[in-house]
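Peer 1:
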Amino acid sequence: MEPLFTIEVDLHECHTLRSAKGQVNMICFGGRCDCAFFHGEILSGGVDTQTYLTGEPGRLSARYMLSGTDDAGMPARLFIENNGETGADGVCVTHPRIFTDNPRLAWLEDTPLTGRIQGREGGVTILFFEED
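Under the numbering used here, think of the first position of the sequence shown as 25, with each following residue one higher.
1) If contact is defined by three or more beta carbon pairs under 8 Å, each pair taking one atom from either stretch, is the stretch 49-56 in contact with the stretch 28-41?
2) Based on DSSP bridge pairs, tell me the residues matched to S85.
3) Inspect the CB distances between the stretch 92-109 and the stretch 125-141 and report whether three or more fall short of 8 Å.
4) If G147 sits next to V33, beta carbons under 8 Å apart, how far is it from one beta carbon to the other, in whole angstroms?
5) Could you give the residue range of the beta strand (DSSP E) that holds C38?
6) Give the straight-line distance between the Cα atoms of A60 and D125, rounded to the nearest whole angstrom.
7) With a Cβ-Cβ cutoff of 9 Å, do R128 and D94 count as a contact?
8) If we call anything under 9 Å between Cβ atoms a contact, is G46 one with Y76?
9) Roughly how many whole angstroms lie between the Cα atoms of S85 and S43?
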């Protein structure tokens, strides 16, 4: 299955807390999206909070905003809230929600999406797929 679009995430810094119950990481990031319908950059302030608690699956909750243009060159911003959980197989599946100020991209607000994360040097690639 082909992804609807991808986001290249560049990892900047990580803040970690370890406790008797597990570990929490807050990862600050930037990056970009360059797909058929949107071209833009992640604005400062993007953060992925990951929790790894004893006896529970790993969870992530990322929030970030991209600023750029749609395929007609009109200004557009996308806000993405991407929550996920790591399964027993070690694969993290996410369920993003997207909001936009661009009428041509408003369909993203109502499109059910699933995300997958692939590691790469210096960051990760997030692939978003349209659910059936």
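Where a beta carbon is used, it is the ideal one built from N, C-alpha and C, also for glycine.
Peer 2: Taking the coordinates as given:
1) Touching, per the Cβ criterion.
2) T73 and N107
3) yes
4) Contact flag correct, Cβ pair sits at about 5 Å.
5) F29 to S43
6) 18 Å
7) Closer than 9 Å, so yes.
8) yes
9) 19 Å
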